[in-house]
Amino acid sequence: MTRARTAALPTGAPPTLPPPAPPATAPRTTLSAVLPTGLRVLAAHAPAAPLAELRLVIPYARTEPGLAAAQELLAACLGTGSRDRTRQGIADRAADLGAELSTVVTAESLILSVSVLAPGLPGALDLLAELLLRPRYEEGEVALAQRRAAAAPRAPAPRVRLRRAALAHGFGPHPLSSESGGTAPLLDVVSLVPDDLLALHARAVVPGGSSLVVLAGEEPDAVLRLAGERLAPWSGGPSGLTLPSFARSVPRPGAVELTEPGTSEAGWGDAVGGQSLVLTVGPGVPTAEPLHAPFHLAQLLLGGYASARLARQVRDRHGLAYDVSAGLRENGAGSWLEIACAGAPGGAGRIAAEITRCLRDLAEDGPSRAEVDRARAYAAGFTRFALATRAEEASALAGFAAAGLEPDWLDGYRDRLAAVTPEQVAEAAARHLAPDRAVVATYEPGPTTVPAPRGPQAPVPKAVPAHADPHAPAPRAVPAHADPHAPAPTAAPAHTGPHAPAPTPAATSHDQKGAHP
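Written out as C-alpha coordinates, the structure reads:
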(Lines of atoms letter the chains of each structure in order from A and count residues from 1; the text may use other names and numbers.)
(Lines give C-alpha, C1' and ligand atoms only; values in the text may rest on other atoms or scores of the structure.)
Protein backbone atom coordinates (compact mmCIF):
# COMPACT_ATOMS: atom_id res chain seq x y z
CA MET A 1 0.00 0.00 0.00
CA THR A 2 1.11 3.52 -0.67
CA ARG A 3 0.55 6.90 0.84
CA ALA A 4 1.70 10.01 -0.96
CA ARG A 5 1.99 13.26 0.94
CA THR A 6 2.68 16.69 -0.47
CA ALA A 7 3.65 19.29 2.10
CA ALA A 8 4.71 22.91 1.71
CA LEU A 9 7.84 23.42 3.72
CA PRO A 10 9.26 26.77 4.73
CA THR A 11 11.35 28.49 2.17
CA GLY A 12 14.79 27.02 2.28
CA ALA A 13 13.81 24.68 4.94
CA PRO A 14 13.21 21.06 4.05
CA PRO A 15 15.31 19.16 5.49
CA THR A 16 17.79 21.53 7.25
CA LEU A 17 20.83 21.05 9.41
CA PRO A 18 20.76 22.03 13.08
CA PRO A 19 23.20 24.65 14.31
CA PRO A 20 26.71 23.23 14.44
CA ALA A 21 27.55 21.95 17.87
CA PRO A 22 28.84 18.66 19.20
CA PRO A 23 26.75 15.51 19.36
CA ALA A 24 25.98 14.10 22.78
CA THR A 25 27.75 10.84 21.99
CA ALA A 26 31.33 9.97 21.11
CA PRO A 27 32.39 10.43 17.49
CA ARG A 28 31.19 7.64 15.23
CA THR A 29 33.39 5.39 13.16
CA THR A 30 32.92 6.46 9.57
CA LEU A 31 34.40 5.38 6.27
CA SER A 32 33.90 6.96 2.88
CA ALA A 33 34.72 5.96 -0.66
CA VAL A 34 34.03 7.24 -4.15
CA LEU A 35 32.77 4.47 -6.42
CA PRO A 36 34.01 4.24 -10.02
CA THR A 37 30.63 5.65 -11.09
CA GLY A 38 31.29 8.91 -9.22
CA LEU A 39 28.93 8.17 -6.30
CA ARG A 40 30.40 9.09 -2.92
CA VAL A 41 29.33 6.64 -0.21
CA LEU A 42 29.69 7.47 3.49
CA ALA A 43 29.14 4.63 5.99
CA ALA A 44 28.67 5.56 9.65
CA HIS A 45 28.58 2.97 12.42
CA ALA A 46 25.67 3.03 14.87
CA PRO A 47 26.14 0.00 17.15
CA ALA A 48 23.00 -1.97 17.97
CA ALA A 49 20.79 0.43 16.00
CA PRO A 50 17.40 -1.19 15.30
CA LEU A 51 17.03 0.87 12.13
CA ALA A 52 19.34 1.66 9.26
CA GLU A 53 19.05 5.13 7.72
CA LEU A 54 19.93 5.88 4.10
CA ARG A 55 20.10 9.34 2.49
CA LEU A 56 20.79 9.70 -1.23
CA VAL A 57 21.43 13.32 -2.30
CA ILE A 58 21.32 13.99 -6.05
CA PRO A 59 22.07 17.41 -7.63
CA TYR A 60 18.74 18.74 -8.89
CA ALA A 61 18.90 22.52 -9.13
CA ARG A 62 16.49 24.30 -11.46
CA THR A 63 19.16 25.91 -13.56
CA GLU A 64 17.43 25.30 -16.91
CA PRO A 65 13.94 26.80 -17.26
CA GLY A 66 12.98 24.28 -19.92
CA LEU A 67 13.41 21.41 -17.45
CA ALA A 68 11.40 22.90 -14.58
CA ALA A 69 8.12 21.18 -15.44
CA ALA A 70 9.73 17.77 -15.95
CA GLN A 71 11.72 18.14 -12.72
CA GLU A 72 8.53 18.90 -10.84
CA LEU A 73 6.72 15.84 -12.16
CA LEU A 74 9.68 13.47 -11.88
CA ALA A 75 10.06 14.28 -8.20
CA ALA A 76 6.36 13.55 -7.66
CA CYS A 77 6.45 10.25 -9.56
CA LEU A 78 9.85 8.81 -8.64
CA GLY A 79 9.26 5.78 -6.46
CA THR A 80 5.74 5.09 -7.75
CA GLY A 81 6.85 2.32 -10.06
CA SER A 82 9.65 0.38 -11.70
CA ARG A 83 9.84 -2.00 -14.62
CA ASP A 84 9.52 -4.82 -12.08
CA ARG A 85 6.83 -3.48 -9.72
CA THR A 86 3.79 -1.26 -9.60
CA ARG A 87 3.22 1.32 -6.89
CA GLN A 88 1.48 -1.36 -4.86
CA GLY A 89 4.31 -3.80 -5.43
CA ILE A 90 6.89 -1.29 -4.22
CA ALA A 91 4.83 -0.51 -1.14
CA ASP A 92 4.40 -4.24 -0.40
CA ARG A 93 8.14 -4.85 -0.73
CA ALA A 94 8.87 -1.89 1.54
CA ALA A 95 6.42 -3.29 4.10
CA ASP A 96 8.12 -6.70 3.95
CA LEU A 97 11.46 -5.05 4.72
CA GLY A 98 10.04 -2.80 7.42
CA ALA A 99 11.08 0.19 5.31
CA GLU A 100 9.77 3.68 4.68
CA LEU A 101 10.77 5.59 1.54
CA SER A 102 10.34 9.31 0.94
CA THR A 103 11.47 11.89 -1.59
CA VAL A 104 12.14 15.56 -0.95
CA VAL A 105 13.07 18.26 -3.45
CA THR A 106 15.02 21.33 -2.42
CA ALA A 107 16.39 24.22 -4.46
CA GLU A 108 19.52 22.24 -5.28
CA SER A 109 18.91 18.56 -4.50
CA LEU A 110 16.66 15.57 -4.93
CA ILE A 111 16.87 13.60 -1.67
CA LEU A 112 15.73 9.99 -1.33
CA SER A 113 15.42 8.85 2.28
CA VAL A 114 15.01 5.27 3.47
CA SER A 115 14.46 4.09 7.04
CA VAL A 116 14.55 0.31 7.32
CA LEU A 117 14.78 -2.34 10.02
CA ALA A 118 18.44 -3.30 10.39
CA PRO A 119 18.12 -6.80 8.85
CA GLY A 120 16.45 -5.25 5.81
CA LEU A 121 19.41 -3.06 4.77
CA PRO A 122 20.48 -5.28 1.80
CA GLY A 123 16.89 -5.46 0.56
CA ALA A 124 16.48 -1.70 0.92
CA LEU A 125 19.59 -1.13 -1.20
CA ASP A 126 18.18 -3.54 -3.79
CA LEU A 127 14.88 -1.65 -3.84
CA LEU A 128 16.68 1.68 -4.12
CA ALA A 129 18.76 0.35 -7.01
CA GLU A 130 15.58 -0.89 -8.71
CA LEU A 131 14.03 2.58 -8.63
CA LEU A 132 17.22 4.22 -9.87
CA LEU A 133 18.12 1.71 -12.59
CA ARG A 134 14.74 0.51 -13.85
CA PRO A 135 12.28 3.38 -13.42
CA ARG A 136 8.79 3.34 -14.85
CA TYR A 137 6.58 6.40 -15.05
CA GLU A 138 3.12 5.03 -15.71
CA GLU A 139 0.57 7.19 -17.49
CA GLY A 140 -1.85 6.91 -14.56
CA GLU A 141 0.76 8.05 -12.05
CA VAL A 142 1.85 10.94 -14.27
CA ALA A 143 -1.77 12.00 -14.80
CA LEU A 144 -2.38 11.93 -11.04
CA ALA A 145 0.66 14.11 -10.44
CA GLN A 146 -0.51 16.51 -13.15
CA ARG A 147 -3.95 16.84 -11.53
CA ARG A 148 -2.30 17.61 -8.21
CA ALA A 149 -0.10 20.18 -9.90
CA ALA A 150 -3.17 21.77 -11.47
CA ALA A 151 -4.81 22.07 -8.04
CA ALA A 152 -1.75 23.66 -6.45
CA PRO A 153 -1.21 27.44 -6.50
CA ARG A 154 1.00 28.41 -9.43
CA ALA A 155 1.87 31.96 -8.43
CA PRO A 156 4.75 32.21 -5.96
CA ALA A 157 3.86 33.42 -2.49
CA PRO A 158 4.82 36.95 -1.39
CA ARG A 159 7.64 35.62 0.77
CA VAL A 160 9.16 33.94 -2.28
CA ARG A 161 8.77 37.00 -4.49
CA LEU A 162 10.33 39.19 -1.82
CA ARG A 163 13.28 36.85 -1.33
CA ARG A 164 13.86 36.65 -5.08
CA ALA A 165 13.85 40.44 -5.33
CA ALA A 166 16.27 40.79 -2.41
CA LEU A 167 18.66 38.17 -3.80
CA ALA A 168 18.52 39.68 -7.29
CA HIS A 169 19.40 43.11 -5.90
CA GLY A 170 22.11 41.78 -3.62
CA PHE A 171 23.82 39.20 -5.80
CA GLY A 172 22.65 39.84 -9.36
CA PRO A 173 20.86 37.50 -11.80
CA HIS A 174 20.85 33.91 -10.58
CA PRO A 175 18.56 30.84 -10.72
CA LEU A 176 17.60 31.45 -7.08
CA SER A 177 16.23 34.87 -7.95
CA SER A 178 14.57 33.98 -11.28
CA GLU A 179 11.12 32.72 -12.12
CA SER A 180 12.64 29.44 -13.32
CA GLY A 181 13.53 28.65 -9.72
CA GLY A 182 9.88 28.42 -8.78
CA THR A 183 6.88 26.36 -9.82
CA ALA A 184 6.74 25.42 -13.50
CA PRO A 185 3.92 26.87 -15.64
CA LEU A 186 0.83 24.69 -15.56
CA LEU A 187 0.65 24.32 -19.35
CA ASP A 188 4.18 22.92 -19.36
CA VAL A 189 3.38 20.45 -16.59
CA VAL A 190 0.21 19.03 -18.14
CA SER A 191 1.81 18.64 -21.58
CA LEU A 192 4.45 16.15 -20.41
CA VAL A 193 4.30 12.42 -21.15
CA PRO A 194 6.08 9.51 -19.41
CA ASP A 195 8.84 9.43 -22.05
CA ASP A 196 9.78 13.00 -21.09
CA LEU A 197 10.28 11.90 -17.50
CA LEU A 198 12.32 8.87 -18.54
CA ALA A 199 14.60 11.11 -20.58
CA LEU A 200 15.11 13.45 -17.64
CA HIS A 201 15.68 10.49 -15.30
CA ALA A 202 18.47 9.24 -17.58
CA ARG A 203 20.14 12.63 -17.44
CA ALA A 204 19.50 13.83 -13.89
CA VAL A 205 19.09 10.78 -11.62
CA VAL A 206 22.73 9.76 -11.90
CA PRO A 207 25.57 8.86 -9.51
CA GLY A 208 28.04 11.45 -10.81
CA GLY A 209 28.05 14.25 -8.23
CA SER A 210 25.67 12.40 -5.88
CA SER A 211 26.33 11.15 -2.36
CA LEU A 212 24.87 8.33 -0.27
CA VAL A 213 24.99 8.21 3.53
CA VAL A 214 24.25 4.96 5.37
CA LEU A 215 23.96 5.00 9.16
CA ALA A 216 23.67 1.40 10.33
CA GLY A 217 24.74 -1.16 12.89
CA GLU A 218 26.87 -2.97 10.33
CA GLU A 219 30.60 -2.30 10.25
CA PRO A 220 31.36 0.56 7.85
CA ASP A 221 33.63 -1.49 5.60
CA ALA A 222 30.86 -4.09 5.16
CA VAL A 223 28.37 -1.33 4.33
CA LEU A 224 30.72 0.14 1.72
CA ARG A 225 31.09 -3.24 0.05
CA LEU A 226 27.34 -3.83 0.11
CA ALA A 227 26.54 -0.40 -1.37
CA GLY A 228 29.23 -0.82 -4.00
CA GLU A 229 27.81 -4.18 -5.09
CA ARG A 230 24.17 -3.12 -5.20
CA LEU A 231 24.72 0.23 -6.92
CA ALA A 232 27.61 -0.68 -9.23
CA PRO A 233 25.35 -0.84 -12.35
CA TRP A 234 24.03 2.70 -11.72
CA SER A 235 25.91 5.00 -14.09
CA GLY A 236 25.83 8.42 -15.67
CA GLY A 237 26.47 12.03 -14.88
CA PRO A 238 27.26 14.48 -13.65
CA SER A 239 24.03 16.11 -14.76
CA GLY A 240 25.16 19.73 -14.50
CA LEU A 241 22.07 20.59 -12.44
CA THR A 242 24.07 22.36 -9.75
CA LEU A 243 23.69 25.90 -8.50
CA PRO A 244 26.28 28.32 -9.88
CA SER A 245 27.99 30.68 -7.46
CA PHE A 246 26.59 34.16 -7.02
CA ALA A 247 28.26 36.84 -9.12
CA ARG A 248 29.17 38.64 -5.89
CA SER A 249 30.60 37.07 -2.76
CA VAL A 250 28.83 39.67 -0.58
CA PRO A 251 25.48 41.34 -1.33
CA ARG A 252 25.20 44.82 -2.76
CA PRO A 253 23.35 46.84 -0.09
CA GLY A 254 20.23 48.85 -0.79
CA ALA A 255 16.47 49.02 -0.36
CA VAL A 256 13.86 46.99 -2.23
CA GLU A 257 10.12 47.69 -2.04
CA LEU A 258 7.50 45.24 -3.29
CA THR A 259 3.82 46.22 -3.27
CA GLU A 260 1.15 44.20 -5.00
CA PRO A 261 -2.63 44.52 -5.11
CA GLY A 262 -4.85 42.13 -3.19
CA THR A 263 -7.22 39.83 -5.00
CA SER A 264 -9.72 38.70 -2.39
CA GLU A 265 -12.94 40.51 -1.50
CA ALA A 266 -12.93 38.95 1.94
CA GLY A 267 -9.58 40.25 3.08
CA TRP A 268 -6.12 41.19 1.97
CA GLY A 269 -6.15 38.41 -0.55
CA ASP A 270 -2.80 36.77 -0.18
CA ALA A 271 -1.24 33.50 0.87
CA VAL A 272 0.14 35.11 4.01
CA GLY A 273 -3.16 36.76 4.91
CA GLY A 274 -2.12 40.27 3.92
CA GLN A 275 0.86 40.50 6.23
CA SER A 276 3.60 43.04 5.90
CA LEU A 277 6.90 41.32 5.25
CA VAL A 278 10.47 42.45 5.80
CA LEU A 279 13.49 40.48 4.66
CA THR A 280 17.13 41.50 4.86
CA VAL A 281 20.09 39.88 3.11
CA GLY A 282 23.54 40.56 4.54
CA PRO A 283 27.03 39.04 4.45
CA GLY A 284 27.48 35.58 5.94
CA VAL A 285 30.43 33.44 6.99
CA PRO A 286 30.45 29.95 5.43
CA THR A 287 30.31 27.04 7.84
CA ALA A 288 33.70 25.68 6.85
CA GLU A 289 35.58 28.92 7.53
CA PRO A 290 37.52 29.37 10.82
CA LEU A 291 35.66 32.59 11.68
CA HIS A 292 32.27 30.93 11.42
CA ALA A 293 31.95 30.19 15.17
CA PRO A 294 31.97 33.85 16.37
CA PHE A 295 29.67 34.84 13.50
CA HIS A 296 27.30 32.01 14.43
CA LEU A 297 27.07 33.25 18.02
CA ALA A 298 26.45 36.81 16.82
CA GLN A 299 23.67 35.57 14.53
CA LEU A 300 22.08 33.55 17.34
CA LEU A 301 21.97 36.34 19.88
CA LEU A 302 20.62 38.66 17.18
CA GLY A 303 17.66 36.49 16.18
CA GLY A 304 18.29 32.80 16.74
CA TYR A 305 15.81 32.07 19.54
CA ALA A 306 12.70 33.41 21.28
CA SER A 307 14.50 35.82 23.62
CA ALA A 308 17.08 37.11 21.14
CA ARG A 309 17.46 40.83 20.49
CA LEU A 310 15.22 41.05 17.44
CA ALA A 311 12.38 39.16 19.11
CA ARG A 312 12.53 41.34 22.22
CA GLN A 313 12.69 44.59 20.26
CA VAL A 314 10.41 44.02 17.28
CA ARG A 315 7.87 41.57 18.68
CA ASP A 316 7.73 41.84 22.46
CA ARG A 317 8.47 45.53 23.05
CA HIS A 318 6.68 47.11 20.07
CA GLY A 319 4.28 44.34 19.03
CA LEU A 320 5.13 44.89 15.36
CA ALA A 321 5.72 41.33 14.17
CA TYR A 322 4.27 37.88 14.64
CA ASP A 323 7.30 36.05 13.32
CA VAL A 324 10.95 37.09 13.72
CA SER A 325 14.06 35.13 12.76
CA ALA A 326 17.67 35.52 11.71
CA GLY A 327 19.59 32.66 10.14
CA LEU A 328 22.49 31.76 7.91
CA ARG A 329 21.44 30.54 4.46
CA GLU A 330 24.07 28.46 2.72
CA ASN A 331 24.18 26.38 -0.45
CA GLY A 332 26.13 26.04 -3.67
CA ALA A 333 25.40 29.64 -4.64
CA GLY A 334 26.98 31.16 -1.54
CA SER A 335 26.09 32.13 2.00
CA TRP A 336 24.20 35.07 3.46
CA LEU A 337 22.59 36.20 6.69
CA GLU A 338 18.84 36.48 6.31
CA ILE A 339 16.47 38.25 8.70
CA ALA A 340 12.75 37.67 8.11
CA CYS A 341 9.79 39.31 9.86
CA ALA A 342 6.04 39.22 9.27
CA GLY A 343 3.60 41.70 10.82
CA ALA A 344 0.31 43.49 10.41
CA PRO A 345 -0.41 45.38 7.17
CA GLY A 346 1.08 48.83 7.05
CA GLY A 347 3.91 48.04 9.44
CA ALA A 348 6.76 47.11 7.08
CA GLY A 349 8.43 50.50 7.40
CA ARG A 350 8.46 50.42 11.19
CA ILE A 351 9.65 46.82 11.29
CA ALA A 352 12.50 47.64 8.90
CA ALA A 353 13.47 50.62 11.08
CA GLU A 354 13.61 48.48 14.22
CA ILE A 355 15.65 45.78 12.47
CA THR A 356 18.10 48.46 11.31
CA ARG A 357 18.34 49.79 14.86
CA CYS A 358 19.07 46.32 16.27
CA LEU A 359 21.74 45.67 13.66
CA ARG A 360 23.41 49.02 14.24
CA ASP A 361 23.41 48.65 18.03
CA LEU A 362 24.95 45.18 17.87
CA ALA A 363 27.50 46.16 15.21
CA GLU A 364 28.61 49.31 17.03
CA ASP A 365 28.39 48.31 20.68
CA GLY A 366 28.83 44.54 20.54
CA PRO A 367 27.12 41.98 22.78
CA SER A 368 27.43 41.51 26.51
CA ARG A 369 29.27 38.52 27.93
CA ALA A 370 25.96 37.16 29.23
CA GLU A 371 24.45 37.26 25.72
CA VAL A 372 27.43 35.38 24.30
CA ASP A 373 27.20 32.74 27.01
CA ARG A 374 23.47 32.27 26.42
CA ALA A 375 23.98 31.88 22.67
CA ARG A 376 26.82 29.41 23.24
CA ALA A 377 24.70 27.29 25.59
CA TYR A 378 21.76 27.40 23.21
CA ALA A 379 23.84 26.25 20.23
CA ALA A 380 25.19 23.27 22.14
CA GLY A 381 21.90 22.33 23.80
CA PHE A 382 19.67 22.58 20.78
CA THR A 383 21.97 20.47 18.65
CA ARG A 384 21.82 17.64 21.16
CA PHE A 385 18.06 17.84 20.98
CA ALA A 386 17.96 18.13 17.17
CA LEU A 387 20.27 15.13 16.69
CA ALA A 388 18.46 12.95 19.20
CA THR A 389 17.27 10.42 16.59
CA ARG A 390 19.13 8.31 14.05
CA ALA A 391 17.07 9.86 11.25
CA GLU A 392 18.11 13.39 12.20
CA GLU A 393 21.74 12.34 12.52
CA ALA A 394 21.69 10.68 9.11
CA SER A 395 20.20 13.82 7.54
CA ALA A 396 22.91 15.94 9.15
CA LEU A 397 25.65 13.63 7.86
CA ALA A 398 24.11 13.79 4.39
CA GLY A 399 24.22 17.56 4.59
CA PHE A 400 27.91 17.55 5.43
CA ALA A 401 28.67 15.04 2.69
CA ALA A 402 26.78 17.08 0.07
CA ALA A 403 28.60 20.25 1.19
CA GLY A 404 32.01 18.58 0.95
CA LEU A 405 32.66 18.69 4.71
CA GLU A 406 34.21 15.86 6.64
CA PRO A 407 31.72 13.75 8.64
CA ASP A 408 33.56 14.49 11.91
CA TRP A 409 33.32 18.25 11.42
CA LEU A 410 30.81 18.53 14.26
CA ASP A 411 33.07 16.75 16.73
CA GLY A 412 35.43 19.67 17.19
CA TYR A 413 32.84 22.42 17.05
CA ARG A 414 32.18 22.47 20.80
CA ASP A 415 35.82 23.35 21.43
CA ARG A 416 35.70 26.06 18.78
CA LEU A 417 32.56 27.54 20.31
CA ALA A 418 34.03 27.40 23.82
CA ALA A 419 37.13 29.27 22.64
CA VAL A 420 35.16 32.20 21.20
CA THR A 421 35.45 35.40 23.27
CA PRO A 422 32.91 38.25 23.47
CA GLU A 423 35.48 40.43 21.73
CA GLN A 424 35.55 38.05 18.76
CA VAL A 425 31.75 38.04 18.58
CA ALA A 426 31.77 41.84 18.68
CA GLU A 427 34.30 41.90 15.85
CA ALA A 428 32.16 39.50 13.79
CA ALA A 429 29.09 41.66 14.42
CA ALA A 430 30.92 44.83 13.40
CA ARG A 431 32.18 43.20 10.23
CA HIS A 432 29.00 41.46 9.06
CA LEU A 433 25.95 42.94 10.79
CA ALA A 434 26.28 46.65 10.04
CA PRO A 435 22.95 47.67 8.43
CA ASP A 436 24.66 49.60 5.64
CA ARG A 437 25.97 46.26 4.32
CA ALA A 438 22.55 44.65 3.91
CA VAL A 439 19.70 44.58 1.43
CA VAL A 440 16.47 45.61 3.18
CA ALA A 441 13.41 44.39 1.28
CA THR A 442 9.82 45.20 2.30
CA TYR A 443 6.45 43.97 1.09
CA GLU A 444 3.05 45.53 1.69
CA PRO A 445 -0.18 43.93 0.41
CA GLY A 446 -1.99 46.18 -2.02
CA PRO A 447 -5.36 47.82 -1.39
CA THR A 448 -8.37 45.56 -1.58
CA THR A 449 -11.80 47.00 -2.21
CA VAL A 450 -14.31 46.16 0.50
CA PRO A 451 -17.53 44.80 -1.11
CA ALA A 452 -20.42 47.28 -0.94
CA PRO A 453 -23.66 46.30 0.81
CA ARG A 454 -26.61 45.51 -1.40
CA GLY A 455 -29.23 48.18 -1.74
CA PRO A 456 -29.99 51.44 -3.56
CA GLN A 457 -28.09 53.60 -1.02
CA ALA A 458 -24.94 51.50 -0.78
CA PRO A 459 -21.95 53.62 0.22
CA VAL A 460 -18.95 54.04 -2.05
CA PRO A 461 -16.47 51.17 -1.43
CA LYS A 462 -13.48 52.10 0.69
CA ALA A 463 -9.96 50.96 -0.08
CA VAL A 464 -7.61 49.63 2.56
CA PRO A 465 -4.40 51.70 2.43
CA ALA A 466 -1.31 49.86 1.28
CA HIS A 467 1.16 52.07 3.13
CA ALA A 468 0.45 53.46 6.55
CA ASP A 469 2.27 56.43 8.03
CA PRO A 470 5.54 54.97 9.34
CA HIS A 471 5.20 57.09 12.47
CA ALA A 472 1.64 56.03 13.21
CA PRO A 473 1.10 53.37 15.90
CA ALA A 474 1.05 49.93 14.35
CA PRO A 475 -1.58 47.33 15.30
CA ARG A 476 -0.26 45.46 18.30
CA ALA A 477 0.36 41.80 17.80
CA VAL A 478 -0.06 39.17 20.46
CA PRO A 479 3.49 38.09 21.38
CA ALA A 480 4.19 34.54 20.30
CA HIS A 481 7.23 32.36 20.63
CA ALA A 482 7.59 31.48 16.97
CA ASP A 483 10.16 29.00 15.82
CA PRO A 484 12.21 30.85 13.20
CA HIS A 485 11.90 27.89 10.85
CA ALA A 486 8.25 27.04 11.57
CA PRO A 487 6.40 25.00 10.45
CA ALA A 488 9.32 22.57 10.51
CA PRO A 489 9.67 21.82 14.24
CA THR A 490 12.71 19.63 13.86
CA ALA A 491 14.68 22.28 12.04
CA ALA A 492 17.14 24.18 14.16
CA PRO A 493 16.27 27.83 14.57
CA ALA A 494 18.40 30.46 12.97
CA HIS A 495 21.07 28.32 11.34
CA THR A 496 20.41 26.27 8.27
CA GLY A 497 23.87 24.84 7.79
CA PRO A 498 25.72 23.66 4.71
CA HIS A 499 23.00 21.39 3.43
CA ALA A 500 20.10 23.72 3.92
CA PRO A 501 18.04 24.15 0.78
CA ALA A 502 18.21 27.61 -0.67
CA PRO A 503 15.13 29.76 -0.96
CA THR A 504 12.42 28.08 -2.99
CA PRO A 505 8.69 28.52 -2.90
CA ALA A 506 8.12 25.05 -1.52
CA ALA A 507 9.68 21.67 -1.10
CA THR A 508 7.71 18.59 -2.00
CA SER A 509 7.85 15.32 -0.12
CA HIS A 510 6.41 11.96 -1.04
CA ASP A 511 6.37 8.90 1.19
CA GLN A 512 6.03 5.18 0.50
CA LYS A 513 4.91 3.80 3.85
CA GLY A 514 2.65 0.87 3.13
CA ALA A 515 -0.60 2.65 3.97
CA HIS A 516 -3.36 2.91 1.41
CA PRO A 517 -4.46 6.46 0.55
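Residue numbers are given in the numbering used here: position 130 of the sequence shown equals residue 144, and the series is strictly consecutive.
For every residue, glycine included, the Cβ atom is placed at its ideal position computed from N, Cα and C.
Could you spell out the range, first to last residue, of the beta strand (DSSP E) harbouring His59?
54 to 59
Which value, in whole angstroms, describes the spacing of the CA atoms of Arg217 and Gln438?
47 Å
Just mark Glu232 as buried or exposed, buried being the case when its beta carbon has 16 or more other beta carbons within 10 Å.
buried
Taking Pro234 as the reference, which of Arg430, Pro449, His332, Thr44 has the closest Cα?
Thr44
With burial defined as no fewer than 16 other Cβ atoms inside 10 Å of the residue's Cβ, what is the status of Ala416: buried or exposed?
buried
For Leu70 and Pro133, what's the separation of their Cα atoms in angstroms?
20 Å
If you follow the alpha helix (DSSP H) that Leu424 is in, where does it begin and where does it stop?
No alpha helix (DSSP H) holds Leu424; DSSP gives it neither H nor E.
Would Ser129 be called buried (16 or more neighbouring beta carbons within 10 Å of its own) or exposed?
buried
Within its chain, find whatever has a CB closer than 7 Å to the CB of Arg148; leave out the 5 residues flanking it on each side and keep chain order.
Ser96, Arg97, Asp98
Roughly how many angstroms separate the alpha carbons of Tyr151 and Ser382, rounded to a whole number?
58 Å
Our contact map puts Arg374 next to Pro449 with C-beta atoms below 8 Å; I'd like the distance itself, whole angstroms only.
5 Å
Buried or exposed for Phe399, going by 16 or more other Cβ atoms inside 10 Å?
exposed
Simplified DSSP assignment, three categories, for Asp98:
coil
Can you give me the Cβ contacts of Ala389 inside the same chain, cut-off strictly under 6 Å, excluding the 5 residues immediately before and after it?
Leu311, Leu314, Leu315
Rounding to the nearest angstrom, what Cα-Cα distance links Leu145 and Ala347 in this structure?
30 Å
Sheet register partners of Arg343 (DSSP bridge)
Trp350
Tell me where the beta strand (DSSP E) around Leu316 begins and ends.
First-last for Leu316: 306 to 317, but that is the alpha helix (DSSP H), not the beta strand (DSSP E).
Beta-carbon contacts of Cys91 that lie in its chain and below 7 Å, excluding the five residues immediately before and after:
Tyr151, Glu155, Val156, Ala159, Leu211
Check for me: the alpha helix (DSSP H) holding Ser127 runs from which residue to which?
Run containing Ser127: none in the alpha helix (DSSP H); it sits in the beta strand (DSSP E), 123 to 131.
Contact belief for Ala358 with Val338 at Cβ below 8 Å, rounded distance in angstroms
Contact doesn't hold; Cβ gap of about 14 Å is too wide.
Compute the Euclidean distance between the alpha carbons of Leu411 and Ala47, then round it to the nearest angstrom.
15 Å
Three-state secondary structure assigned by DSSP to Leu206:
coil
So is the beta-carbon of Ala105 under 6 Å away from any non-hydrogen atom of the ligand ZN?
With respect to the ligand ZN, the structure shown offers nothing to examine, as it has no ligands at all.
Tell me the rounded alpha-carbon separation between Pro64 and Arg262.
47 Å
Could you check which residue in Thr294, Ala109, Asp387, Arg42 has the C-alpha nearest to that of Trp350?
Thr294
Closest residue to Glu420 among Val227, Leu431, Thr197, Arg162 (Cα-Cα distance)
Val227
Exposure label - Gly361; buried when at least 16 CB within 10 Å
buried
Grab me the residues of Val454's own chain with a C-beta within less than 6 Å of its C-beta, minus the 5 sequence neighbours each way, in chain order.
Ala269, Thr294, Ala366
For Arg177 and Ser192, what's the separation of their Cα atoms in angstroms?
10 Å
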